[in-house]
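Protein chains in written order, with the working numbering: chain A, 1 to 135; chain B, 136 to 528.
Spelled out as structure tokens, the structure:
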């Protein structure tokens with residue numbers, strides 16, 4: 001899949017996919033990377049070391065600092081993939097230097113997929129589907 | 136994006152490492168959102184001031200900037216901190232938290248920011264006029280300045296607002312452009328709204344319904360500063376609304392521009408559902424009013440109500456400026472005599488409420504009700520101040 005570079009960089013890892021928007025401020029614990037927003041579909045899941053996929057950010061603008069803090073605390077996702085990266089998430093990933101691509105069809109990605117993000121070229125590729133037993 | 140020669144020099148580091156790093160952030164954001172050039176901003180408002188929000192990484196980031204000699208180039212106000220800067224000891228705020236919080240504010244002071252720490256700068260002396268370009272980041276203040284004052288700002292992140300303050304510039308895209316300020320969805324409101332709390336409940340529903348759209352409200356007969364403040368704050372919390380129009384009330388609301396728009400309808404049922412959805416507890420041990428920070432009118436209404444309250448602690452959060460006025464006018468004494476407390480510079484959401492031992496909190500704000508369970512681990516009762524402060528239980 002081809003999208004748009006929000007912040008360059010490359011990463012490969014397991015996808016954690018949310019179909020609903022994600023708020024970093026109040027929604028994700030900056031120390032651990034756990035999603036803590038009550039009732040959110042990712043509540044109790046951890047963004048650390050994942051290819052974090054969500055349609056767009058929502059909620060308070062402190063979100064950028066939370067993304068920066070996640071990186072400093074070693075709890076950041078490896079890369080971020082959005083449908084549309086809004087300014088709060090964009091400032092966060094640029095400052096924290098996390099590879100990020102947007103304008104991607106998220107319906108093609110599922111939690112557990114092995115995904116490669118080449119944000120330099122705005123590319124997102126599924127290497128292995130979650131349900132495929134072996135490559 | 137077009138950059139002037141002077142701006143290119145900023146990007147090449149001729150004005151120092153900090154300006155280079157911050158300007159790079161603005162240029163990258165500008166490229167991303169299709170800005171054609173940079174424009175000067177008249178003021179900035181920076182979020183991420185509470186130690187609770189930014190933690191050690193934020194503190195270190197800010198101290199690093201201050202140490203490297205960065206200075207803001209335009210008027211810069213700050214979002215609320217994590218405590219009342221003058222009375223945190225009496226209120227029982229933890230020392231370790233206070234020490235870190237004071238370091239953050241010291242870093243901001245070195246950067247040249249004003250000591251205005253509030254989510255309502257427009258009630259505390261930073262009042263932009265129509266058409267002014269800003270880089271503000273508190274989401275409720277963004278909604279208010281765009282919608283009610285007719286100024287122009289995108290919903291900035293804390294760092295991008297700070298970058299704009301340090302560079303004096305912001306990329307020209309989004310809500311800075313006339314054509315992007317048109318409504319994109321029509322919200323038809325039926326029935327009466329009682330006060331700011333009902334506007335918050337309506338806004339909470341609307342934000343969930345319209346997400347990041349620009350709603351045009353029809354059918355709201357009357358709304359003052361407090362009502363519009365609550366409406367915008369709730370929509371910015373439950374959705375990503377940065378601009379809304381209210382027919383007959385806000386400056387850019389133009390019924391002509393609503394032709395052919397998708398329509399949604401809201402009435403008492405939607406408002407009732409917001410109260411229901413946001414209420415997770417039963418008996419509040421603490422009532423917190425003033426999210427966003429209370430205006431003098433809200434403060435005065437709360438003071439009158441407090442005279443009949445039961446034995447519960449009450450905080451009314453507001454800006455330092457409004458608190459000082461209240462000290463002079465006697466309102467503060469009235470609140471304190473009734474057992475309440477005027478809390479400045481902070482609010483329940485960004486303060487370490489969970490460390491003060493409260494389990495259930497009563498609020499009259501949909502925004503506070505939305506954030507408190509996640510950020511402070513408390514249960515919430517969302518209702519009108521009248522009901523929250525009503526009778527003895």
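Just so you know, even glycine gets a beta-carbon here, dropped at the ideal spot from N, CA and C.
Next item on the list: Return the first residue and the last residue of the alpha helix (DSSP H) that residue 360/B is part of.
Entry: Here residue 360/B corresponds to residue number 225 of the second chain, with the count starting at 1. That run of the alpha helix (DSSP H) goes 360-373.
Checklist line | Residues in the segment 499-521 of chain B having any Cβ partner in chain A nearer than 8 angstroms | finding: 506, 508, 509 and 510
Checklist line | Where the segment 41-52 of chain A meets chain B: residues whose CB sits under 9 angstroms from a CB there | finding: none
Item checked: Interface partners of residue 73/A on chain B, CB under 7 angstroms -> If you number the first chain from 1, residue 73/A lands on position 73. In chain order: 192.
Margin query: Per DSSP, what are the beta-bridge partners of residue 79/A in this structure?
Written below: Walking along the first chain from the start, residue 79/A turns up at place 79. Answer is 51/A, bridged to residue 79/A.
Notebook entry, point to check: Alpha carbon to alpha carbon, how far is residue 485/B from residue 440/B?
Noted result: Reading the second chain from its first residue, position 350 is the one you call residue 485/B. Reading the second chain from its first residue, position 305 is the one you call residue 440/B. So the alpha carbons of these two residues sit roughly 25 angstroms apart.
Next item on the list: For the alpha helix (DSSP H) containing residue 270/B, list its first residue and its last residue.
Entry: Taking the second chain and counting its residues from 1, the one referred to as residue 270/B is at position 135. Run containing residue 270/B: none in the alpha helix (DSSP H); it sits in the beta strand (DSSP E), 269-271.
Note to self: So with CB distances below 9 angstroms, who are the chain A contacts of residue 290/B?
What the structure shows: Residue 290/B sits at position 155 when you count from the first residue of the second chain. The contacting residues are 61, 86, 87 and 88.
Item checked: Segment limits, beta strand (DSSP E) that includes residue 352/B -> Against the second chain, residue 352/B aligns to sequence position 217. Counting along the chain, the beta strand (DSSP E) containing residue 352/B begins and ends at 350-353.
Checklist line | Assumed close pair residue 592/B, residue 306/B - CB separation to whole angstroms, cut-off 8 angstroms | finding: A query on residue 592/B cannot be resolved here, the shown segment of chain B reaching from 136 to 528 and no further.
Next item on the list: Identify, in the order they occur along the chain, each residue of the same chain with its Cβ nearer than 8 angstroms to the Cβ of residue 311/B, setting aside the five sequence neighbours on each side.
Entry: Taking the second chain and counting its residues from 1, the one referred to as residue 311/B is at position 176. The residues are 174, 268, 287, 288, 289 and 305.
Next item on the list: Return the CA-CA distance between residue 185/B and residue 214/B, expressed in angstroms with no decimal places.
Entry: Locating residue 185/B in the second chain gives position 50, where the first residue counts as 1. Locating residue 214/B in the second chain gives position 79, where the first residue counts as 1. So the two alpha carbons sit approximately 8 angstroms from each other.
Notebook entry, point to check: How is residue 468/B classed by DSSP in three states: helix, strand or coil?
Noted result: Sequence index remark: in the second chain, residue 468/B carries index 333 (1-based). Note: residue 468/B maps to helix in three-state DSSP.
Next item on the list: Please name the residues in the segment 369-389 of chain B whose beta-carbon is closer than 9 angstroms to at least one beta-carbon of chain A, in chain order.
Entry: 371, 372, 373, 374 and 375
Note to self: My output table needs one value for residue 429/B: the three-state DSSP class, helix, strand or coil.
What the structure shows: The residue you call residue 429/B lines up with position 294 of the second chain. Three-state result, residue 429/B: strand.
Check: Okay, do the segment 58-73 of chain A and the segment 88-105 of chain A touch, 3+ Cβ pairs below 8 angstroms being the bar?
Finding: yes
Margin query: Determine whether the beta carbon atoms of residue 391/B and residue 320/B lie at a separation below 8 angstroms.
Written below: Working through the second chain from its first residue, we reach residue 391/B at position 256. Working through the second chain from its first residue, we reach residue 320/B at position 185. Contact: no.
Item checked: Status (buried if at least 16 other CB within 10 Å, exposed otherwise) for residue 468/B -> Taking the second chain and counting its residues from 1, one reaches residue 468/B at position 333. Classification of residue 468/B: exposed, given that the 10 Å Cβ count is below 16.
Next item on the list: State yes or no: is the beta carbon of residue 18/A nearer than 8 angstroms to at least one beta carbon in chain B?
Entry: Here the question's residue 18/A lines up with position 18 in the first chain. It does not: the Cβ of residue 18/A has no partner Cβ on chain B nearer than 8 angstroms.
Check: To which residues does DSSP link residue 73/A through a beta bridge?
Finding: Within the first chain, residue 73/A is the residue found at index 73, counting from 1. Paired residue(s): none; residue 73/A is not in a bridge.
Item checked: Closer than 7 angstroms: residue 326/B CB and nearest the ligand HEM heavy atom -> Absent from the structure shown: the ligand HEM. Ligands present: none.
Next item on the list: Within the segment 281-361 of chain B, note down every full beta strand (DSSP E) run reaching 3 residues or more, in order along the chain.
Entry: 304-306, 320-324 and 350-353
Note to self: According to DSSP, simplified to helix, strand and coil, what is residue 493/B?
What the structure shows: In the second chain, residue 493/B corresponds to position 358, counting from 1. Looking at residue 493/B - three-state DSSP - the assignment turns out to be coil, as it is neither helix nor strand.
Item checked: Separation of residue 254/B from residue 263/B, as counted between CA atoms -> Along the second chain, one-based indexing puts residue 263/B at 128. Along the second chain, one-based indexing puts residue 254/B at 119. Taking the straight line joining both Cα atoms gives about 15 angstroms.
Notebook entry, point to check: Under the three-state reduction of DSSP, which class applies to residue 528/B: helix, strand or coil?
Noted result: Locating residue 528/B in the second chain gives position 393, counting from the first residue. With a pLDDT of 41 at residue 528/B, under the threshold of 50, the modelled position of that residue is not reliable, and no figure is offered here.
Notebook entry, point to check: Does the segment 491-498 of chain B touch the segment 353-365 of chain B, meaning 3 or more C-beta pairs lie closer than 8 angstroms?
Noted result: no
Check: Just how far apart, CA to CA, sit residue 292/B and residue 344/B?
Finding: Here residue 292/B refers to the residue found at position 157 of the second chain. Here residue 344/B refers to the residue found at position 209 of the second chain. Using only the alpha carbons, I get a separation of about 23 angstroms.
Checklist line | Interface partners of residue 294/B on chain A, CB under 8 angstroms | finding: Your numbering for residue 294/B matches position 159 in the second chain. Those within 8 angstroms of residue 294/B in chain A are 64, 65, 68, 91, 92 and 95.
Margin query: Alpha carbons only, please: which of 466/B, 270/B and 409/B is nearest the one belonging to residue 500/B?
Written below: Here residue 500/B refers to the residue found at position 365 of the second chain. The shortest Cα separation from residue 500/B among 466/B, 270/B and 409/B belongs to 409/B.
Notebook entry, point to check: Alpha carbon to alpha carbon, how far is residue 326/B from residue 315/B?
Noted result: Counting from one through the second chain, the residue named residue 326/B turns up at place 191. Counting from one through the second chain, the residue named residue 315/B turns up at place 180. Between residue 326/B and residue 315/B, the C-alpha separation is close to 30 angstroms.
Margin query: According to DSSP, simplified to helix, strand and coil, what is residue 92/A?
Written below: Along the first chain, read from residue 1 onward, the residue named residue 92/A stands at position 92. In the structure shown, residue 92/A sits in a helix (DSSP, three-state: H, G or I).
Next item on the list: Just mark residue 527/B as buried or exposed, buried being the case when its beta carbon has 16 or more other beta carbons within 10 Å.
Entry: As a first step, residue 527/B is located in the second chain; it is residue number 392 there, counting from the start. Residue placement at residue 527/B is flagged as unreliable, the pLDDT there being 47, under the threshold of 50; the coordinate-derived value follows with that caveat. Burial call: exposed.
Next item on the list: Check residue 475/B in the structure and name its three-state DSSP category.
Entry: Here residue 475/B is taken as the residue at index 340 of the second chain, counted from 1. It is a strand residue.
Checklist line | Boundaries (first-last residue) of the alpha helix (DSSP H) holding residue 98/A | finding: Taking the first residue of the first chain as 1, we reach residue 98/A at position 98. Run containing residue 98/A: none; DSSP gives neither H nor E here.
Checklist line | Residue closest to residue 383/B, alpha-carbon to alpha-carbon, out of 354/B, 183/B and 375/B | finding: Here residue 383/B is taken as the residue at index 248 of the second chain, counted from 1. Nearest of 354/B, 183/B and 375/B to residue 383/B, Cα basis: 354/B.
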